[in-house]
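**Q** If you read the sequence shown in full-length UniProt numbering, its first letter stands for residue 1, the second for the next number, and so on. A virtual CB, placed ideally from N, CA and C, is assigned to each residue, including glycine.
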Amino acid sequence: MQHQTQHQPASIQLVPATRSHLEALLQIEQRSFVTNLISRRSFQRFIEQGIGDFTVALYEQQVVGYALVLYRRATELARLYSHAVHPDYRGQGIGNLLLQHAEANANARHCLMMRLEVKTDNHAGIQFYHQAGYVDLEIRPEYYDDESDALVLQKLLPRYMANENALAAPKMVPYLTQTTDFTCGPASLLMAMAHFDIPSTDPQHEELEIWREATTIFMTSGHGGCGPHGLARAAHKRGLGAEVYVSEAGPLLMDSVRSAEKKAIMERIQHADIAALERAKVPIHVGDYSLAQLHHDLQHGKLVLALISTYVFDESKAPHWVLICAADEHYIYINDPDQDTLPWQSPAGRQYLPIPLATFRRAFGYGKRKQRAVVVLSPPK
């Protein structure tokens, strides 16, 4: 039986979710979705660990809907992880009320954008978000457990709506998650290749091939990572235009390597890469890569592979390559190929990830001496 209440949504109370709401939340979940349902354990974890903003809508002390928003550390991106209203209470403005509340919370946290995923065959849901001001970003094939596709949507939050330099609906650089712990550089390069219409017929194979070509063995243990000269060499080989900007001449990122034998091998590899770039007339600039230069390159249709330290994001001092896709006066937007292990995180949270300028400045560079490296990529001539 459909409940009809003339005073909704004014009579709806929005409160933080608690354990007392679990049973009602599970019922709403089961009545609202057929795949990728949030489990009792996950609901409980979100509540007990205070992960994100978890709000329930109450009507006469009964839970009739909820919204769960998650945030990524050191970024300005909010993700509407899940949002549902009990079927008996739909069409009365409760979904809008929850969504507006979620956006207000994200806006108060100084988030730039809200993102979400919805099934491509959920026409009512898509229409709902379109009416709320969300724009389509891309289709993610076989995103859900039943192999159905997801539409990713995004909305610029009110705090920045007046900023005409912000990205309301950017032309998205394709996203690719790295398939190993050590191939962030190759995965980033593959994203740039796809953007510049040099698609790979077998990305997973080519990811490892690029790694074999570009690795400089600068990790302290395990498989080695890729250096800027090797990545530029791999990009040039695949037809892209490439320029290298490094803070120091010669081999880089060897400060943490204690073995003289390993250092000697790394030097030989990097000198070989540098010599190959010089023969190919690929420019190597020694010095600072400024924000002004970054803006200039992006405005001219280029993409930028940048080496960062992950310490700002997860307190692990690891070198990591990301692809810079865009920038404005407040943010650097990156495609982060990192494969997060937390079950509530998704690729949508790592594509066009808005990083505040101050945060990016802290992350840009690696090691005690803040050695910096970028590879500027441009389409084939």
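Decide if ASP202 is buried, meaning its Cβ has at least 16 other Cβ atoms within 10 Å, or exposed.
**A** It counts as exposed.
**Q** Using the DSSP secondary-structure output, state which residues sit across from CYS226 in a beta bridge.
**A** Its beta-bridge partners are THR215.
**Q** Quick check on LEU377: buried or exposed, where buried means 16 or more other Cβ atoms within 10 Å of its Cβ?
**A** With 16 or more other Cβ atoms within 10 Å, it is buried.
**Q** Tell me whether TYR129 sits in a helix, a strand or coil according to DSSP, three-state version.
**A** Residue state, collapsed to three classes: helix.
**Q** Please classify ILE139 as buried or exposed, where buried requires at least 16 neighbouring CB atoms within 10 angstroms.
**A** Answer is exposed; the Cβ neighbour count stays below 16.
**Q** Got a sec? Which residues, its chain only, sit under 6 Å from PRO380 by beta carbon, not counting five neighbours each side?
**A** Excluding positions up to five away in sequence, the list reads GLY239.
**Q** If distances are taken between C-alpha atoms only, which option among LEU25, LYS262, GLN13 comes closest to PHE46?
**A** Ranking LEU25, LYS262, GLN13 by Cα distance to PHE46 puts LEU25 first.
**Q** With DSSP run on the structure shown, which of helix, strand or coil describes GLU267?
**A** Note: GLU267 maps to helix in three-state DSSP.
**Q** What is the DSSP secondary structure of ARG362, reduced to helix, strand or coil?
**A** In the structure shown, ARG362 sits in a helix (DSSP, three-state: H, G or I).
**Q** Going by CA-CA distance only, name the one from GLY93, HIS83, ALA194 that's closest to GLU117.
**A** It is HIS83 whose Cα lies nearest to the Cα of GLU117.
**Q** Classify LYS370 as buried or exposed, calling it buried when 16 or more other Cβ atoms lie within 10 Å of its own Cβ.
**A** Classification for LYS370: exposed.
**Q** Who pairs with ILE334 in a beta bridge, going by DSSP?
**A** Paired residues: ILE324, LEU353.
**Q** Is the separation between the beta-carbon of ALA337 and that of GLN204 shorter than 7 Å?
**A** The question names Ala, but residue 337 is Pro in the sequence shown. Not closer than 7 Å, so no.
**Q** Which residue's Cα is closest to the Cα of ALA141: LEU37, LYS155, TYR134, LYS119?
**A** Ala is not the amino acid found at residue 141; the sequence shown has Pro there. Checked all of LEU37, LYS155, TYR134, LYS119; the closest Cα to PRO141 is LYS119.
**Q** Please report the distance separating the alpha-carbon of SER316 from that of PHE360.
**A** The straight-line gap from Cα to Cα measures roughly 16 Å.
**Q** Alpha carbon to alpha carbon, what distance is there between ALA318 and PHE43?
**A** Cα-Cα distance, rounded: 32 Å.
**Q** Quick one: what does DSSP say LEU298 is sitting in, helix, strand or coil?
**A** Three-state result, LEU298: helix.
**Q** For the alpha helix (DSSP H) holding VAL312, just list the boundary residues, first then last.
**A** VAL312 -> alpha helix (DSSP H) spans 311-314.
**Q** Pull up the distance between the alpha-carbon of ALA168 and that of ALA260, whole angstroms please.
**A** The predicted position of ALA168 is uncertain, since its pLDDT is 45 and thus under 50; a value taken from the coordinates is nonetheless stated next. Going by the C-alpha atoms only, they are around 51 Å apart.
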